[in-house]
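J.: Pasting a structure below so you can have a look.
Number of protein chains: 2
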Amino acid sequence: MPESADTTWLRTVAHEVRSFDRSSTAERVAELLRSRVIEGDLPPGTRLSEEQLVEVLHVSRNTLREAFRLLTHEGLLVHRLHRGVFVPELDEDDLVDLYRLRRTIECDVVRRLEGLDAVRLRPLHAAVAAGEDAARRGDWGAAGTANMRFHQQLVALAGSRRIDETTARLLAELRLAFHAIAVPQRLHEPYVSRNRALLDLLTAGEVEQAAKELEAYLHDSEAELLAAHRAHPRS
Amino acid sequence: MPESADTTWLRTVAHEVRSFDRSSTAERVAELLRSRVIEGDLPPGTRLSEEQLVEVLHVSRNTLREAFRLLTHEGLLVHRLHRGVFVPELDEDDLVDLYRLRRTIECDVVRRLEGLDAVRLRPLHAAVAAGEDAARRGDWGAAGTANMRFHQQLVALAGSRRIDETTARLLAELRLAFHAIAVPQRLHEPYVSRNRALLDLLTAGEVEQAAKELEAYLHDSEAELLAAHRAHPRS
DNA sequence: CCTTGAGGGATTGTTCAACAACTCTCTAGG
DNA sequence: CCTAGAGAGTTGTTGAACAATCCCTCAAGG
């Protein structure tokens, strides 16, 4: 196909199309890759080729690399010097580590809760309901998403930006682990009702008991994930 | 000064000099800027000009921007689209937020400790001793550093990579706040002995009591910092 | 047969220069 | 005093070039 000598206008049009929102190109590329990684479209261990992605995404290598950096610091990609970026393969130590921090944050947040009211718990109700609905439909992907949202909203009750951010990273990494293991989705089932139970305890203002239940909950979840991991040596 | 037509060899020599260690140029630039920020050489609110730093550091804008990203994700710089990167100015909300997460992590780590022995506590002893020594000399900068190390080593007892990383970010940001406020260094004095007391409790295996003391400790520290902040409206 | 090491191709790391897009400031006009 | 807009200065993004490194292959030597 013939091209005009001056293609400057093409770039400006392309820019207009892409930057309709208020974020940089790198951030949008990162957002795109993030969803791909979290959805499991890119299996752990996959190498993300710069050349290839530049071709597909129509961004420059520099911009792509900036997106890589963003995701690397979220733990969704790992960067090996002179080798490229990969979707991380979490091992058992990582799982234990993830759950360690998770217990620390979530349980402590719950334990320190006070002055709860129905309004603040509303987002939790929504997440639990979404989970139950998804479970009824047998849509375990959606159930997993709802579960993540439940826990994110749970820590959000603390009202701390940094706790929210730390938790978001944590849950994203954990999601990665789920895909790595291809865990039987039925394993998610008990947590739908346990989320409900947890929410009931919070509604009743029983924070200490809720914290204890959450602790056991997370221990069980960790144990099951580890078992699934051992039963599923390498995909 | 005259230059030869071909300066390629210059770049390769320069690269050899700079990359003697096993990290990328961006990481080394980040390390340099990190220390400047943490030491307080760059006051909060300072804008870091790309043009200027490229000139001084002899790296390309791309590499510099990669370093910026690194530090941005550590909370040591903030990035405003189309405006540049700045040394953050933490406000009271940030202080509260920082201490909120700090209490969560540090107290929980201490509370869950078990199987402590002298060997594992050794790094803590070293940090406490360093703090006491610095205090005797009246070197409050060193005392602050020792204090940071004490708390970093404290959470390190949990043996969790992610807890370590989260804490490192936390403490770095906090350090920023100290400089922002130009807090009277005398305020650091009581914490030297409180660190010692904390360590004694741990040595005795009294983790629950240690956690309670740490909680009070952090509350006091937060209160003093907030008071200092209010007394020091804007520098 | 296994190990070792020297090409050589492919990919990442870094730089540079150019231009687009945005913010900030200052000024002219209301 | 306020507002619109032009201009200057800075950041955002691109594409090309080359250096540095990794990885695979293959051959020589044990």
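Residue numbers (the working numbering), protein chains in the order written: chain A, 62 to 296; chain B, 62 to 296.
Note that beta-carbon positions come from the ideal geometry of N, C-alpha and C, so glycine has one too.
(1) Which one or two residues does DSSP pair with H140/A in a beta bridge?
(2) Is any beta-carbon of chain A found at less than 8 Å from that of E127/B?
(3) Using only CA atoms, which one of R161/B, A233/B, H280/B and R108/B lies nearest to R141/B?
(4) Which residues, in order along the stretch 133–162 of chain B, keep a beta-carbon less than 8 Å from a beta-carbon of chain A?
(5) Looking at chain A, which residues of the stretch 217–246 of chain B have a Cβ within less than 8 Å of any of its Cβ atoms?
(6) Going straight from the alpha carbon of L260/A to that of P251/A, what length do you get?
(7) Would you identify the three-state DSSP class for R108/A, choosing helix, strand or coil?
(8) Where does F85/B fall in DSSP's three states?
(9) Note down, in chain order, every chain B residue with its Cβ under 7 Å from the Cβ of S85/A.
(10) Measure the alpha-carbon distance for A277/B versus I99/B and round it to whole angstroms.
(11) Taking C-beta to C-beta, are I166/A and T86/B nearer than 8 Å?
(12) Would you say T165/A reaches chain B, if we count a Cβ-Cβ gap shorter than 8 Å as a contact?
(13) Taking contact to mean at least 3 C-beta pairs separated by less than 8 Å, is the stretch 150–157 of chain A in contact with the stretch 203–213 of chain A?
(14) Report yes or no: is there a C-beta of chain A within less than 8 Å of the C-beta of V120/B?
(15) Please return the same chain residues whose Cβ sits closer than 8 Å to the Cβ of E274/B, not counting the five positions on each side in sequence.
(16) For S254/B, report the span of its alpha helix (DSSP H) as first-last.
(17) Can you pull the chain A neighbours of D281/B, defined as C-beta to C-beta under 8 Å?
(18) H119/A to L132/A, Cα distance in whole Å?
(19) How would you label D67/B, buried or exposed, when you count the other beta carbons within 10 angstroms and need 16 or more for buried?
(20) Could you name the residues of chain B that L131/A contacts, counting a contact when the two beta carbons are closer than 9 Å?
(21) Alpha helix (DSSP H) containing R172/A: first to last residue?
(22) In whole angstroms, what separates the C-alpha of Q113/A from that of S121/A?
(23) Alpha carbon to alpha carbon, how far is L94/A from H197/B? Give it in angstroms, no decimals.
T.: From the atom records:
(1) V146/A
(2) yes
(3) R108/B
(4) H134, L142, D158, L159, R161 and L162
(5) A219, S221, R222, R223, I224, T227 and L231
(6) Straight-line Cα distance between these residues: approximately 14 Å.
(7) strand
(8) In the sequence as displayed, the identity of residue 85/B is Ser instead of Phe. Correct three-state label for S85/B: coil.
(9) Here the neighbours are L142.
(10) 26 Å
(11) no
(12) yes
(13) no
(14) Closer than 8 Å: no.
(15) R255, A258, L259 and L262
(16) E250 to T264
(17) By Cβ distance, chain A contributes nothing, its closest Cβ being about 18 Å from D281/B, past 8 Å.
(18) C-alpha separation (whole angstroms): 19 Å.
(19) Residue confidence for D67/B is low, a pLDDT of 44 falling below 50, so the modelled location carries little weight; the figure read from the coordinates is stated next. Under this definition D67/B is an exposed residue.
(20) R130 and H134
(21) E153 to R172
(22) 11 Å
(23) Position check: residue 197/B holds Arg in this sequence, whereas His was assumed. About 53 Å.
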